[in-house]
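One structure is given here, and the rest of the page talks about it.
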Amino acid sequence: MAQDPVERRVVVTGPPRRGRPASGYYRPRTEIDEQTTLGHTYVRSLMRTQLRAALAVFAFLGLLIGPLPLLFAAMPDAHRLEWAVLGFGLYVPMVLLARWYVRRAERNERDFVRLVEDR
Numbered sequence: 007m008a009q010d011p012v013e014r015r016v017v018v019t020g021p022p023r024r025g026r027p028a029s030g031y032y033r034p035r036t037e038i039d040e041q042t043t044l045g046h047t048y049v050r051s052l053m054r055t056q057l058r059a060a061l062a063v064f065a066f067l068g069l070l071i072g073p074l075p076l077l078f079a080a081m082p083d084a085h086r087l088e089w090a091v092l093g094f095g096l097y098v099p100m101v102l103l104a105r106w107y108v109r110r111a112e113r114n115e116r117d118f119v120r121l122v123e124d125r
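If you want it as structure tokens, here you go:
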């Protein structure tokens, strides 16, 4: 006589790898990937914050560099001063401004990722 195989029980110890999320589960990443209106709003919000930082840098540079031609025109015989201001006086503020912009852009992206991933 043939013996019946013994049934074995399988114990699952981890979370299911497949399956649908529970109803009402909100996933902003899916909204962005599927290019829905809400996903478009998320991306547009990130772009707006990045643009705001860039415009702040541009405005500061305009206020810093814009009046220099008027200053140089007021002092026609100050060629050494012109080179000193252009070579050394603007270098440090521009480097600091660039560092601020990069940190701000990275913080905006980090906040966006945190917004998309955490929910």
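Just so you know, the sequence shown maps onto residues 7 to 125 in this note's numbering. Beta carbons: idealized from backbone N, C-alpha and C, even for Gly. A quick note: this is a predicted structure, and the numbers were derived from the prediction, not measured.
Query                                                                                                            : Result
Measuring only from the beta carbon, is Phe-66 closer than 7 Å to any heavy atom that is part of the ligand GTP? : The model depicted lacks the ligand GTP and carries no ligand whatsoever.
Over the uninterrupted alpha helix (DSSP H) stretch that includes Ala-62, give me the two end residues.          : 43–71
Going by DSSP in three states, Asp-83 sits in which element: helix, strand or coil?                              : coil
Locate the alpha helix (DSSP H) running through Arg-35, then write down its first and last residues.             : 34–39
Per DSSP, what kind of secondary structure is Glu-123 in: helix, strand or coil?                                 : helix
Nearest to Gly-68 by alpha carbon, out of Met-100, Leu-44, Thr-43, Arg-116?                                      : Met-100
Return helix, strand or coil for Arg-14, following the three-state DSSP convention.                              : coil
With C-beta atoms as the reference, is Val-63 less than 8 Å away from Tyr-97?                                    : no
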